[in-house]
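Enquirer:
Protein chains in written order, with the working numbering: chain A, 1 to 114; chain B, 1001 to 1116.
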């Protein structure tokens, strides 16, 4: 099946700094990727839809200036958490899908802001 | 809008017990239905899927049947193992006839703990 690779798998950063998370589709082109945040009680929240070559579409309540998404190519989307705070600590997961198939997920990134 | 409801956990079973995790959905049209599994500290992996009514998805001893009349997609396994301990997510994806992206609607996840 298709592979989506997410990097890094774990990152610890200081409060006030920015962190970039990469999501790559390794064996297919993904015009659209999705970014999710998983909360401690396991529910997944869709943060934004990343569209290649255009602006991301953010879900209601997600701060677009805080969670910057760039989808510069058909195989790479990045999520940058700017001016991170402890409350941004979470598990972030990206996904991508080929046309009319299931979504393929990255391994996730555990972000800890200290 | 679309929604997926699955039973709350955690579900604790002894090894070799029978497993059922209920999942019902609300969606217009004809969504595809999925079960994803998340092992501790990892991302989500596709467990099984069904793309139309009465389809049965199966993998690794797990099964689920797409029941349009009851809008359900319950996950079952006849004999669970300790290695099945994970969080299970029911999900639906509505096909995009224009092609391109698929937005996934997830249930809240059900944690399964299997004890020896």
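No residue lacks a Cβ here, since even glycine has one placed at the ideal position from N, Cα and C.
From a predicted model like this one, the values you see are computed outputs, not experimental measurements.
For a test of the three-state rule: what should DSSP assign to residue 1063 of chain B, helix, strand or coil?
Expert: If DSSP states are grouped into helix, strand and coil, residue 1063 of chain B belongs with the strands.
Enquirer: What separation, rounded to the nearest whole angstrom, lies between the Cα atoms of residue 1104 of chain B and residue 1031 of chain B?
Expert: Distance between the alpha carbons of residue 1104 of chain B and residue 1031 of chain B: 10 Å.
Enquirer: Given a cut-off of 9 Å on the beta-carbon distance, is the pair residue 20 of chain A and residue 79 of chain A in contact?
Expert: Contact: yes.
Enquirer: Could you please tell me which residues of the segment 1016-1047 of chain B, in chain order, have their CB closer than 9 Å to any CB of chain A?
Expert: Listed by position along the chain: 1032, 1034, 1036, 1038, 1041, 1042, 1043, 1044, 1045, 1046.
Enquirer: Given a cut-off of 9 Å on the beta-carbon distance, is the pair residue 37 of chain A and residue 91 of chain A in contact?
Expert: Contact: yes.
Enquirer: For the segment 55-68 of chain A against the segment 1001-1008 of chain B, are there 3 or more C-beta pairs whose distance is under 8 Å?
Expert: Because the criterion of three Cβ pairs below 8 Å is not met, the segment 55-68 of chain A and the segment 1001-1008 of chain B do not touch.
Enquirer: State buried or exposed for residue 1079 of chain B, treating a residue as buried only when at least 16 other CB atoms are found within 10 Å of its CB.
Expert: With fewer than 16 Cβ atoms within 10 Å of its Cβ, residue 1079 of chain B is classed as exposed.
Enquirer: Would a check of beta-carbon distances place residue 1080 of chain B closer than 9 Å to chain A?
Expert: Chain A, which has no Cβ nearer than 9 Å to the Cβ of residue 1080 of chain B, makes this no.
Enquirer: Does residue 1082 of chain B come out as helix, strand or coil in the three-state DSSP assignment?
Expert: Here residue 1082 of chain B sits in helix by DSSP.
Enquirer: Determine the direct distance from the alpha carbon of residue 34 of chain A to that of residue 68 of chain A, and round the result to whole angstroms.
Expert: If you take the alpha carbons of residue 68 of chain A and residue 34 of chain A, they lie about 13 Å apart.
Enquirer: Along the chain, where does the beta strand (DSSP E) containing residue 39 of chain A start, and where does it finish?
Expert: That residue, residue 39 of chain A, is in no beta strand (DSSP E); it is neither H nor E in DSSP.
Enquirer: List, from N- to C-terminal side, the alpha helix (DSSP H) runs of 4 residues or more that fit wholly inside the segment 25-95 of chain A.
Expert: None, since the segment 25-95 of chain A contains no complete alpha helix (DSSP H) of that length.
Enquirer: Compare the C-alpha of residue 1115 of chain B against each of B:1008, B:1012, B:1007 and name the closest.
Expert: Of the listed residues, the one whose Cα sits closest to residue 1115 of chain B is B:1012.
Enquirer: How about residue 1089 of chain B and residue 1039 of chain B: are their beta carbons less than 9 Å apart?
Expert: Their beta carbons are not under 9 Å apart, which means residue 1089 of chain B does not touch residue 1039 of chain B by this criterion.
Enquirer: Using the rule of at least 16 other Cβ atoms within 10 Å of the residue's Cβ for burial, across every protein chain shown, is residue 1110 of chain B buried or exposed?
Expert: Classification of residue 1110 of chain B: buried, given that the 10 Å Cβ count is 16 or more.
Enquirer: I'd like to know whether the C-beta atoms of residue 26 of chain A and residue 93 of chain A end up nearer to each other than 9 Å.
Expert: No, these two residues do not count as a Cβ contact at 9 Å.
Enquirer: Using the Cβ count rule (16 or more neighbours within 10 Å means buried), how would you classify residue 1087 of chain B?
Expert: Classification of residue 1087 of chain B: buried, given that the 10 Å Cβ count is 16 or more.
Enquirer: Are the CB atoms of residue 31 of chain A and residue 63 of chain A nearer to each other than 9 Å?
Expert: Taking 9 Å as the Cβ cut-off, residue 31 of chain A and residue 63 of chain A do not qualify as a contacting pair.
Enquirer: May I ask you to report which of helix, strand or coil DSSP gives residue 18 of chain A?
Expert: It is coil, neither helix nor strand.
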